[in-house]
Amino acid sequence: MGKVILEVKDLTTKYVTRFKEDVYAVDHVSLKVEEGKSLGIAGESGCGKSTLALSLMGYYFPPLHYMSGEIIIDGRNISTMKPDDIRKSILGTEIAYIPQAAMNALNPTQRVIRFIEDVIQAHYPEKTKKEIYELACYSFETVGLSREVLNKYPVELSGGMKQRTVIAVSTILFPKVLIADEPSSALDVTSQKMVIKMLRDLMEKGIIKSMIFITHELPLLYNVTDDIMVMYAGQIVERGTAREAVFDPLHPYSKGLMGSIIVPEEGLRSVKLTAIPGVPPNLKNPPAGCRFAERCKYVRTECRVLNVQLKELDGSGRAYRCVYSEEELRRAYKNA
Amino acid sequence: MREERIPILRGEGVTKVFGFGRHKTVAVDHVDFTFYAGELASIVGESGSGKTTLAKVLLGLINETEGTIYYHEQKRDISTHRKKQEYWRGIQAIFQDPFSSYNIFNKIDSVLLDCINMRGGRHLSREKKTELMAEACSFVNLKYEEMTNKYPFELSGGQQQRLMIARIFLLKPKILLADEPTSMIDACSRATILDYLMKLRDETGMTMIFITHDIGLAYYVSDSVYIMEKGKFVESGSADEVILNPKQPYTKRLISDVPKIYEEWDLSTV
């Protein structure tokens, strides 16, 4: 077992709406990322994936509020730190974030190098422009961009190049954890592959120590990460290695997600895609009992009453949240 | 499958050039195509290959620089606004971004009412119209009672895209052009959207043209596939032919770029 880089214990965060209603978008989430490992988070829109990413950085501003739990990065608890301290000493150096719309993350009126200077000088004011330029060149080389890009404006770059620029900038200070929130969903398949390869290279070269990758595309996650966590309505419903989560899902929701996979492989045309019926529950007043009960094929009466906790399977890190036992679930899938 | 196939939309040497002289960009470069009635064709290519430009030309939103398009084996004439409207009665589109497809000032009712009026249902009674709208909503599994008096932006992306399909259901065009209809929504709703599109095709027998960069999606839905590279069609044929036995290196690359789960995904070929 490697060294644990990021550990989250029972993290709960909420949004407060205009009408003072609480929306618990991240509900008692615990996770662990070891050195050299990557964790994937899957789930449909609105299940709290992106909120979890924002919460992990400990950088809260309204309407997002911290409720309870701990975030420990490399032995340091950041959940109680002030936002200002977090910005100065955590973001960029300990934990870095690639947003979903990386295309819009760059300032259109600044050359890329000016933007990088800003970022670095915020953390190391003593660095000279020449040192920063050297660092930027090194960082750009690792992501396969030429140094001419540094002197360009963001509008001159293509979508894939912008995305790579953003990744280069966010990893320039060698963060311990990189959170990639749908880094490739706005790109076409070719640029997507390039981005994935880059992220892998960054891990191999040790520029980033661990990674959290968020997406709704299971095939992509399967190829990128070591472990997969499936989220539904703010809760973790399943956790396991990538292979287990994709080929042997336990929770009915993860099973349902598998039914919507499209890969260009022989035999796809004979398979019928099965979507999960219905919509996720409104988190303003989540249903009692299992949150997936409304859409679940195997629903029983106690599903709607019992508040099921995440069940750990014998020490392998595998866990799921369902009233059924493992054997019962497997039998149900076999008969289906 | 070699029965009588009626061409519904045919193009010969269709070209679109943007700019002049030094800044000339040939977005669509002499493409020939024939879409048959009831067929589901896909146009696949990476970003910047001219897919969307071709879609706009097909829709008549921009004029082709060169070449001719035949609609129902007759030369397409969209020179006046009236003729254009007539043409749009036969061809409709679903766009990539559901969030910007709607007029934010119009309620959902008026979106659907517009469709009924366009199909010549202006004289129908209010009850009949409501019935039609409810039918369209239930086709895509939306509840009309919940939809009425709402604005499109109050819905989620998947719901908005489904409402778009409800529109198409009311309009019943001959051709539906879907420009990346599922790229902005998550994998789970994607299956739903595809389901409804398939159902729509089975019920009305309309021709569908899918424009996508996801070759897996194209393989799943389509009868025939056109692969587009830099404004040209480099390979075309039936879906099984093109995707299981690709001949062009470009097609092979597109297929290898999609993450797979049963085969090894080769990352070294970037």
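Quick note, the sequences are listed as chains X and Y, same order.
Heads up: the first sequence begins at 1 in our numbering, then just goes up one per residue.
Heads up: the second sequence begins at 1001 in our numbering, then just goes up one per residue.
Glycine included, C-beta positions come from ideal geometry on N, C-alpha and C.
Keep in mind it's a predicted model, so treat the numbers as computed, not measured.
If you drop the 5 nearest sequence neighbours on each side, which residues of the same chain put their C-beta closer than 8 Å to that of residue i?
i: HIS23 of chain X; result: Per the sequence shown, the amino acid found at residue 23 of chain X is Val instead of His. Cβ within range, chain order: LYS14, TYR15, VAL16, THR17, LEU283, LYS284.
i: LYS1083 of chain Y; result: ASP1077
i: THR274 of chain X; result: GLY256, GLY259, SER260
i: GLU339 of chain X; result: The shown model of chain X, from 1 to 336, leaves out residue 339 of chain X, and the question about it has no answer.
i: PHE115 of chain X; result: LEU106, ASN107, VAL169
i: ASP1179 of chain Y; result: LYS1051, THR1052, ALA1055, ALA1093, ILE1094, PHE1095, GLN1096, ILE1211
i: LYS205 of chain X; result: THR142
i: THR1068 of chain Y; result: GLY1011, GLU1012, GLY1013, VAL1014, LYS1075, ARG1076
i: ARG243 of chain X; result: TYR222
i: CYS322 of chain X; result: VAL237, LEU250, HIS251, PRO252, CYS290, VAL308, LYS311, LEU329
Please list, in chain order, all residues of the same chain as residue i whose beta carbon is under 6 Å from its beta carbon, the five residues on each side excluded.
i: MET1001 of chain Y; result: Unreliable placement is indicated for MET1001 of chain Y, whose pLDDT of 47 sits below 50; the coordinate value is still reported in the next sentence. So no residue of the chain qualifies.
i: MET229 of chain X; result: ILE41, ILE236, ARG239
i: SER316 of chain X; result: none
i: LYS37 of chain X; result: SER210, ASP226
i: TYR253 of chain X; result: TYR232, VAL237, PHE292
Check the DSSP bridge columns for residue i and list the partner residues they point to.
i: GLU156 of chain X; result: Answer is none; GLU156 of chain X lacks a bridge partner.
i: GLU238 of chain X; result: X:VAL230, X:TYR320
i: LYS1075 of chain Y; result: Y:TYR1070
i: VAL1017 of chain Y; result: Y:VAL1026
i: MET1228 of chain Y; result: Y:PHE1233
i: PHE1033 of chain Y; result: Y:GLY1011
i: GLN1092 of chain Y; result: Y:LEU1176
i: LEU178 of chain X; result: X:ALA96, X:MET211
i: GLY1045 of chain Y; result: BP columns for GLY1045 of chain Y are empty, so no partner.
i: ALA1055 of chain Y; result: DSSP lists no partner for ALA1055 of chain Y.
i: SER68 of chain X; result: X:THR12
i: LEU1040 of chain Y; result: Y:MET1208
Grab me the residues of residue i's own chain with a C-beta within less than 7 Å of its C-beta, minus the 5 sequence neighbours each way, in chain order.
i: PRO281 of chain X; result: ALA233, PRO287, ARG291, GLU294
i: TYR1053 of chain Y; result: Note on residue identity: the sequence assigns Thr, not Tyr, to residue 1053 of chain Y. Once the five neighbours on either side are set aside, the close Cβ partners of THR1053 of chain Y are LYS1016, ALA1027, VAL1028.
i: GLU117 of chain X; result: LYS129, ILE132
i: ILE1006 of chain Y; result: TYR1036, ALA1037
Quick one: give me the first and last residue of the beta strand (DSSP E) that residue i is part of.
i: GLU1004 of chain Y; result: Careful: GLU1004 of chain Y lies outside any beta strand (DSSP E) and carries neither H nor E.
i: ILE1243 of chain Y; result: First-last for ILE1243 of chain Y: 1239-1244, but that is the alpha helix (DSSP H), not the beta strand (DSSP E).
i: SER55 of chain X; result: Note, SER55 of chain X: premise wrong, no beta strand (DSSP E); alpha helix (DSSP H) at 49-56.
i: ASP74 of chain X; result: Taken as a continuous stretch (DSSP letters only), ASP74 of chain X belongs to no beta strand (DSSP E), as it is neither H nor E.
i: THR1207 of chain Y; result: 1207-1212
i: SER1138 of chain Y; result: From DSSP, SER1138 of chain Y is part of no beta strand (DSSP E) but of the alpha helix (DSSP H) over 1126-1139.
i: GLU7 of chain X; result: 4-16
What are the boundary residues of the alpha helix (DSSP H) that residue i is part of?
i: LEU31 of chain X; result: Taken as a continuous stretch (DSSP letters only), LEU31 of chain X belongs to no alpha helix (DSSP H), being part of the beta strand (DSSP E) at 22-34.
i: PHE115 of chain X; result: 112-123
i: LYS85 of chain X; result: Before going further, note that residue 85 of chain X is Asp rather than Lys in the sequence given. Element bounds for ASP85 of chain X: 83-89.
i: GLU1145 of chain Y; result: 1144-1147
i: GLN309 of chain X; result: No alpha helix (DSSP H) contains GLN309 of chain X, which DSSP labels as neither H nor E.
i: ALA1202 of chain Y; result: Sequence inspection shows Asp at residue 1202 of chain Y; the Ala mentioned does not correspond to that position. Segment 1187-1204, the alpha helix (DSSP H) holding ASP1202 of chain Y.
i: ILE1165 of chain Y; result: 1157-1171
i: SER191 of chain X; result: 189-204
i: GLY40 of chain X; result: Note, GLY40 of chain X: premise wrong, no alpha helix (DSSP H); beta strand (DSSP E) at 38-42.
i: PRO1249 of chain Y; result: 1249-1257
i: VAL1221 of chain Y; result: 1215-1221
i: SER139 of chain X; result: 129-142
i: GLU326 of chain X; result: 326-335
Does the ligand NAD have even one heavy atom less than 8 Å from the beta-carbon of residue i?
i: THR165 of chain X; result: Questions concerning the ligand NAD fall outside what the structure shown contains, since it holds no ligand whatsoever.
- Contact residues within the stretch 1242-1259 of chain Y, judged by C-beta distance below 9 Å to chain X: For the stretch 1242-1259 of chain Y, the beta-carbon criterion of a distance under 9 Å to any beta-carbon of chain X is satisfied by ILE1243, LEU1244, ARG1253, LEU1254, ILE1255, SER1256, ASP1257, VAL1258, PRO1259.
- Give, in chain order, every residue of the stretch 202-218 of chain X whose Cβ lies closer than 8 Å to some Cβ of chain Y. HIS216, GLU217, LEU218
- Message: Output needed in chain order: residues of the stretch 1107-1125 of chain Y with a Cβ under 9 Å from some Cβ in chain X.
- Response: Hits within the stretch: zero.
- Task: Scan the stretch 1151-1177 of chain Y for residues whose Cβ lies nearer than 9 Å to a Cβ of chain X and list them as they occur along the chain.
- Result: The residues in question are SER1156, GLY1157, GLY1158, GLN1159.
- Query: Which of the residues in the stretch 1035-1051 of chain Y, read from start to end, lie with their CB under 7 Å from any CB of chain X?
  - Reply: GLU1046, SER1047
- Answer yes if the stretch 298-317 of chain X comes into contact with the stretch 44-54 of chain X, meaning at least three C-beta pairs across the two stretches below 8 Å, and no otherwise. They do not touch, by the three-pair rule.
- Query: Contact between the stretch 1180-1188 of chain Y and the stretch 202-217 of chain X: three or more CB pairs below 8 Å?
  - Reply: yes
- Message: Closer than 8 Å between beta carbons: that is the criterion. Which residues of the stretch 254-276 of chain X meet it against chain Y?
- Response: GLY256, LEU257, GLY259, SER260, ILE261, ILE262, VAL263, PRO264, GLU265, GLU266, LEU268, ARG269, LEU273, THR274, ALA275, ILE276
- Looking at C-beta atoms only, is the number of pairs between the stretch 1190-1197 of chain Y and the stretch 76-85 of chain X that lie closer than 8 Å three or more? no
- Task: Would you list, in chain order, the members of the stretch 217-236 of chain X that have their beta-carbon closer than 9 Å to a beta-carbon of chain Y?
- Result: GLU217, LEU218, PRO219, LEU220, LEU221, TYR222, ASN223, VAL224
- Stretch pair the stretch 1084-1095 of chain Y + the stretch 1121-1134 of chain Y: three plus CB contacts closer than 8 Å: Cβ pair count under 8 Å is below three, so no.
- Message: Pairs of beta-carbons, one from the stretch 1092-1107 of chain Y and one from the stretch 1145-1154 of chain Y, closer than 8 Å: are there three or more?
- Response: Touching, per the Cβ criterion.
- Item | Near-chain Y residues of the stretch 161-180 of chain X (beta-carbon distance less than 9 Å), N- to C-terminal order | none
- Item | Where the stretch 1194-1213 of chain Y meets chain X: residues whose CB sits under 8 Å from a CB there | LEU1194, ASP1195, HIS1213
- Message: Give me the subset of the stretch 1215-1227 of chain Y whose CB atoms are less than 7 Å from a CB atom of chain X, sorted by chain position.
- Response: ILE1215, GLY1216, LEU1217, TYR1219, TYR1220
- Query: Okay, do the stretch 188-204 of chain X and the stretch 1226-1242 of chain Y touch, 3+ Cβ pairs below 8 Å being the bar?
  - Reply: Three or more Cβ pairs closer than 8 Å define a contact, and the stretch 188-204 of chain X falls short of that threshold against the stretch 1226-1242 of chain Y.
- Query: Touching or not, the stretch 1245-1252 of chain Y and the stretch 296-311 of chain X, by the rule of three or more beta carbon pairs under 8 Å?
  - Reply: Fewer than three Cβ pairs drawn from the stretch 1245-1252 of chain Y and the stretch 296-311 of chain X lie within less than 8 Å of each other, which leaves the two stretches out of contact.
- Message: What are the residues in the stretch 313-327 of chain X lying within 8 Å of chain Y by C-beta distance?
- Response: none
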